[in-house]
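Engineer: Here it is, the structure, as structure tokens.
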Amino acid sequence: MKPKILRKLLLGLLVVPVLLFVYLPVAWLVISSISTRAELLSVPIHWIPHQPTLQNYMNIFFPAQGTSEVARTFRITLWNSLLVASSVTAITLVFGSLASYALIRLRMPFRQPILLGILGTRMIPEISLVIPLYLFASRYRLLNTPGILIITYLSFALPFAIWLMAAFFDTIPIELEDAARIDGCDRLETLFRIIMPISTPGLISTGLFVFLTAWDEFFFALIFTSTVAAKTVPVAIAEFTGRYVVDVGSMMTGGVLAAIPPVILSLIFQRYIVSGLTAGAVKG
Amino acid sequence: MRRKLTLTQQDALIGFLLILPSLIIIVGISLQPIISTVYLSLFELSRGVTSEQTFVGLGNYAALLTDPVFWVTISRTLYFTIVSVGLELLLGLAIAQLIHTHPPGWQFLRTSLIIPWAVPTIVNGTMWRWIYNADYGALNGLLLQLGLIDKYIPWLTQPNTAMNLVILADIWHSVPFIALILQAALATLPTDLDEAASVDGANALQRFVFIRLPLLRPAILVALVIRTVEAFRVFDIIYVITNGGPAFGTVTISFLTYLESFSFGHVGRGSALAFLISIFTLIMAFIYIRILYRPVER
């Protein structure tokens, strides 16, 4: 038994560097957000702030006169991100799951080519769509509206959701549907009374991935929004960086606030994430 | 309806109605725009989209393919892709295998891996940019205290170093993704082969290389293709950490497309670049589908 215990211990020692690699950058992000400006700019570095402060958080949630423009409007960008990501998730789940069910389970012409086409569009990079979409947005005065982000995010979210839901629908035994049909349910009743309820894990997993991807999205938001009317969190954070005088404290605080929703959601729904990843889900 | 539809016809009708909304959306915001992009790429539009259009056929493509800047950018993008995906695969595989042996704290480790993956890309970039900061950064602070450097180094002022540091930030974000996929795949492998080999005297390394690795091939391929496509079109993290600098030294193909289209106003040329990126991606998509897609016959 002795060598086995020794081996366990050695392996345990290998876990330590991996954990350090994961947590040190995050710890520094959080520490920077609660440090004063003077401590952030001190050499040698104050690893543990001597005077931790929540001032940066106060500036964002209860802005006073003197706080910078980006910090003052950060709250609004959080709201914009939430609005856009939730809307995209809701629309995608409704349309995506219906389409996915039809493509997986119903006998219909052109099913295979349509499914392949959808998988193909999922891979089209945003940058290849952005110029025509920009022209569309400016023609219909949609620039700087949450609407244009919701519409354009569907370009990656919808094919992605159809693909993920297809993987889940595929695992539902067809006998279940046949039984429902024999009991007198028609196609749509079967879908809404039988299939959708047992697909809840798939819907949660798909919704989670779509929400995280939309929350993460940067490129379309950068191109289509420049005012606080629709600017999302990633754009706001990038703007902290772009300033000539960089307000590191606010920037790191913005980073912590932007990371909290996806990190908490992912930790709560951990098991859905691993199953989703295995089914081929990606988030930037 | 004059006569009752057969079941098959009913199915087809319902199916058509169910996919119609998605189809309209996909055609409207993916298919139509990509066709427009190809169309725009055939024109000379050098002062923004509103400028006068001159049809140049494949002129933009010809100009790109003979432009050294294009090839430098491509090779830089390939460097980023190959180095980051390669290292991510190696580290991801090692971490997955580590978790698989269930060392003390493995469940905590597995949960922890979700955090870097969940942190938004822009936050990840901003965080590393601050860590790399020349005057007050944590990297300089740490290395100085450990005695590895004797004065602060301006990390992001040299193109190759800057690129490698962007790769490090990308690794932090993406290794967990690969590790989680591979760990899940390892957990589903049958154990009897492993035990049989063990009885036959194969050591741990041999069992890993000759038994588990081949069985992991599909999962590895999936992770590789997904990450390759992502890495080849990298934009966000470069935008935040180096903004393409120093001296355009970290400009990748997506970044070049962005600059051409939105900073220099070369819309035709930008569209041609954008289409070339799509072609590459579609080739990868084809491989991806070939690996993952099982035709459903019912």
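Same order as they appear, the protein sequences are chains F and P.
Position one of the first sequence corresponds to residue 1 (the numbering used here), numbered consecutively onward.
Position one of the second sequence corresponds to residue 1001 (the numbering used here), numbered consecutively onward.
No residue lacks a Cβ here, since even glycine has one placed at the ideal position from N, Cα and C.
By Cβ distance, which residues of its chain are closer than 7 Å to residue 143 (chain F), with the 5 residues on each side in sequence left out?
Structural biologist: 137, 224
Engineer: Which residues in the same chain have their Cβ closer than 7 Å to the Cβ of residue 1271 (chain P), if we skip the five residues on either side of it in sequence?
Structural biologist: 1037, 1040, 1041
Engineer: Determine the chain P residues that contact residue 252 (chain F) at a beta-carbon separation under 7 Å, and present them in chain order.
Structural biologist: 1130
Engineer: Which residues in chain F sit within 9 Å of residue 1172 (chain P), going by Cβ to Cβ distance?
Structural biologist: 21, 22, 25
Engineer: Quick check on residue 1157 (chain P): does DSSP put it in helix, strand or coil?
Structural biologist: helix
Engineer: Can you list, in chain order, the residues of its chain whose CB lies under 6 Å from that of residue 1001 (chain P), leaving out five sequence neighbours each side?
Structural biologist: Its pLDDT being 48, under 50, residue 1001 (chain P) is placed unreliably by the model, and nothing is read from it.
Engineer: Along the chain, which unbroken stretches of the beta strand (DSSP E) at least 3 residues long are found entirely within the stretch 191-235 of chain F?
Structural biologist: Runs of the beta strand (DSSP E) spanning 3 or more residues and lying entirely within the stretch 191-235 of chain F do not occur at all.
Engineer: Go through its chain and collect everything with a Cβ distance to residue 150 (chain F)'s Cβ below 6 Å, but skip five positions before and after it.
Structural biologist: Within the same chain, residue 150 (chain F) has close Cβ partners 84, 87, 88.
Engineer: Is there a C-beta anywhere in chain B that falls below 7 Å from the one on residue 1255 (chain P)?
Structural biologist: This model lacks chain B altogether, as its protein chains are F and P.
Engineer: What does the Cβ neighbour count give for residue 110 (chain F), buried or exposed, with the cut at 16 atoms within 10 Å?
Structural biologist: exposed
Engineer: Does any residue of chain F have a CB that is nearer than 7 Å to the CB of residue 1043 (chain P)?
Structural biologist: no
Engineer: At a cut of 8 Å, does the stretch 1252-1264 of chain P reach the stretch 1222-1235 of chain P through at least three beta carbon pairs?
Structural biologist: yes
Engineer: In terms of alpha-carbon separation, which member of P:1089, P:1062, P:1071, P:1015 lies closest to residue 1178 (chain P)?
Structural biologist: P:1089
Engineer: Roughly how many angstroms lie between the CA atoms of residue 268 (chain F) and residue 1096 (chain P), to the nearest whole one?
Structural biologist: Rounded to the nearest whole angstrom, the CA to CA distance from residue 268 (chain F) to residue 1096 (chain P) is 21 Å.
Engineer: Pull up the CB-CB distance for residue 78 (chain F) and residue 233 (chain F), whole angstroms please, since I reckon it's below 8 Å.
Structural biologist: Rounded to whole angstroms, the Cβ separation of residue 78 (chain F) and residue 233 (chain F) is 6 Å, and the two are in contact under 8 Å.
Engineer: Determine, for residue 113 (chain F), whether the minimum Cβ-Cβ distance to residues of chain P falls below 7 Å.
Structural biologist: no
Engineer: How many whole angstroms separate the CB atoms of residue 1169 (chain P) and residue 1203 (chain P), which I take to be in contact at a CB cut-off of 8 Å?
Structural biologist: Not a contact, Cβ separation roughly 36 Å.
Engineer: Comparing the C-beta of residue 1067 (chain P) with each C-beta of chain F, is any distance below 7 Å?
Structural biologist: no
Engineer: Please work out which residues of its chain come closer than 6 Å, Cβ to Cβ, to residue 1149 (chain P), disregarding the five sequence neighbours upstream and downstream, and give them in chain order.
Structural biologist: 1143
Engineer: By DSSP, does residue 1252 (chain P) sit in helix, in strand, or in coil?
Structural biologist: coil
Engineer: Helix, strand or coil, according to DSSP, for residue 156 (chain F) in the structure here?
Structural biologist: helix
Engineer: If you draw a straight line from the alpha carbon of residue 274 (chain F) to that of residue 239 (chain F), how long is it in whole angstroms?
Structural biologist: 33 Å
Engineer: Apply the 10 Å Cβ neighbour rule to residue 217 (chain F) and answer buried if 16 or more other Cβ atoms are within range, or exposed otherwise.
Structural biologist: The residue is buried, with at least 16 neighbouring Cβ atoms inside 10 Å.
Engineer: Which chain P residues are close to residue 152 (chain F), counting only those with a beta carbon under 7 Å from its beta carbon?
Structural biologist: 1029
Engineer: Can you tell me whether residue 1160 (chain P) is buried or exposed, with buried defined as 16 or more other CB within 10 angstroms of its CB?
Structural biologist: exposed
Engineer: Out of curiosity, what's the CA-to-CA distance linking residue 93 (chain F) and residue 168 (chain F)?
Structural biologist: Taking the CA atoms as reference points, residue 93 (chain F) sits about 13 Å from residue 168 (chain F).
Engineer: So, is the C-beta of residue 1008 (chain P) closer than 7 Å to a C-beta in chain F?
Structural biologist: yes
Engineer: In angstroms with no decimal places, state the Cα-to-Cα distance between residue 284 (chain F) and residue 1205 (chain P).
Structural biologist: Summary for residue 284 (chain F): the model assigns pLDDT 44, below 50, so the residue's position carries little reliability; its value from the coordinates is reported in the next sentence. Each residue's Cα considered, the two are about 33 Å apart.
Engineer: In chain order, what residues of the stretch 125-139 of chain F put their CB closer than 7 Å to some CB of chain P?
Structural biologist: 125, 127, 128, 129, 131, 132, 133, 135
Engineer: DSSP three-state call for residue 1054 (chain P): helix, strand or coil?
Structural biologist: Assigned with DSSP and collapsed to three states, residue 1054 (chain P) falls in strand.
Engineer: Are three or more beta carbon pairs between the stretch 201-220 of chain F and the stretch 158-175 of chain F nearer than 8 Å?
Structural biologist: yes
Engineer: In whole angstroms, what is the alpha-carbon distance linking residue 31 (chain F) and residue 1138 (chain P)?
Structural biologist: 11 Å
Engineer: When you compare the CB positions of residue 1176 (chain P) and residue 12 (chain F), do they come within less than 7 Å of one another, or not?
Structural biologist: no
Engineer: Output the boundary residues of the alpha helix (DSSP H) element that contains residue 1010 (chain P).
Structural biologist: 1007-1026
Engineer: Does residue 1122 (chain P) have its Cβ less than 7 Å from a Cβ in chain F?
Structural biologist: yes
Engineer: Taking only heavy atoms of the ligand HEM into account, decide whether any of them is closer than 6 Å to the Cβ of residue 8 (chain F).
Structural biologist: The ligand HEM is absent from the structure shown, which contains no ligands of any kind.
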